[in-house]
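Only one structure is covered here, and it is reproduced in the block below.
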Amino acid sequence: MAGAMWSSLVVGGGCMRLSHSHFSAFTGTLLISTLSFAGSLTPPPGPIAPTSKALSEVEPRIAINATNTPGDAASQFIISQPGSYYLTGNITGEQFKNWHSRSRAPKVSIDLMGYSLIGVLQSQDGITME
Numbered sequence: 013m014a015g016a017m018w019s020s021l022v023v024g025g026g027c028m029r030l031s032h033s034h035f036s037a038f039t040g041t042l043l044i045s046t047l048s049f050a051g052s053l054t055p056p057p058g059p060i061a062p063t064s065k066a067l068s069e070v071e072p073r074i075a076i077n078a079t080n081t082p083g084d085a086a087s088q089f090i091i092s093q094p095g096s097y098y099l100t101g102n103i104t105g106e107q108f109k110n111w112h113s114r115s116r117a118p119k120v121s122i123d124l125m126g127y128s129l130i131g132v133l134q135s136q137d138g139i140t141m142e
């Protein structure tokens with residue numbers, strides 16, 4: 013390149029020739045990168061706190077079990093309040109009882125969560141709605 017201005021840059025003991033425009037771009041990039049500010053790496057004071065709501069706050073659901081949905085002589089579990097309910101594992105029926113759940117409340121949804129209602133000899137219905 014006849015007439016081009018050249019500058020030399022020493023890198024790791026070697027010498028590299030750069031044209032004037034390349035040298036200007038290189039030094040400009042180097043200058044901008046050293047002056048840019050990424051922010052403090054020091055965490056803010058105080059304890060670490062969650063930044064989102066818990067799943068129970070977003071979608072409150074009730075596990076179907078002996079504590080939350082106790083049964084009676086005819087059913088293993090009875091749902092007596094409206095709401096969203098879910099299984100926490102497979103449920104095996106009992107003889108002469110409705111398998112698992114009898115709902116006496118309006119507006120009930122039951123999520124089996126991929127689990128099964130397993131019948132036994134002489135067990136009754138799986139889920140009944142009254």
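In the numbering used here, each residue carries its 1-based index in the sequence shown increased by 12. Cβ coordinates follow ideal geometry from the N, Cα and C atoms, glycine included.
Go through its chain and collect everything with a Cβ distance to T104's Cβ below 6 Å, but skip five positions before and after it.
-> Stepping through the sequence shown from its first residue, residue 104 is reached at position 92. Here T104 has I130 as same chain residues with Cβ atoms under 6 Å from its own Cβ, once five neighbours each way along the sequence are excluded.
If we ignore side chains and look at the alpha-carbon of each, how far apart do S92 and P62 end up?
-> Position 80 of the sequence shown, counted from the start, is the residue given in the question as residue 92. Position 50 of the sequence shown, counted from the start, is the residue given in the question as residue 62. So the alpha carbons of these two residues sit roughly 34 Å apart.
For A78 versus Y97, is the C-beta spacing smaller than 9 Å?
-> Walking along the sequence shown from the start, residue 78 turns up at place 66. Walking along the sequence shown from the start, residue 97 turns up at place 85. Against a cut-off of 9 Å, the Cβ pair of Y97 and A78 comes out as no contact.
Which value, in whole angstroms, describes the spacing of the CA atoms of L42 and G51?
-> One-based indexing of the sequence shown puts residue 42 at position 30. One-based indexing of the sequence shown puts residue 51 at position 39. In this structure, the CA atom of L42 is about 19 Å from the CA atom of G51.
Quick one: what's got a C-beta closer than 8 Å to G101's C-beta in the same chain, skipping five residues either side?
-> As a working note, residue 101 is residue 89 in the sequence shown. Contacts found: Y127.
Where V132 falls: helix, strand or coil (DSSP) = As a working mapping, residue 132 is identified with position 120 in the sequence shown. V132 falls in the coil class under three-state DSSP.
Roughly how far, in whole angstroms, is the beta-carbon of L99 from the beta-carbon of L124, given that I think they are within contact range, below 8 Å?
-> Mapped onto the sequence shown, residue 99 falls at position 87. Mapped onto the sequence shown, residue 124 falls at position 112. Their Cβ separation, rounded to whole angstroms, is 5 Å, which keeps L99 and L124 in contact under 8 Å.
Does DSSP put G95 in a helix, a strand or coil?
-> Numbered from 1 along the sequence shown, position 83 holds the residue referred to as residue 95. Reduced to three states, the DSSP call for G95 is strand.
Strand pairing of P82, partner residues [DSSP] = As a working note, residue 82 is residue 70 in the sequence shown. Partner(s): F89.
Specify the secondary structure class of S68 as computed by DSSP and reduced to three states.
-> Here the question's residue 68 lines up with position 56 in the sequence shown. S68 falls in the helix class under three-state DSSP.
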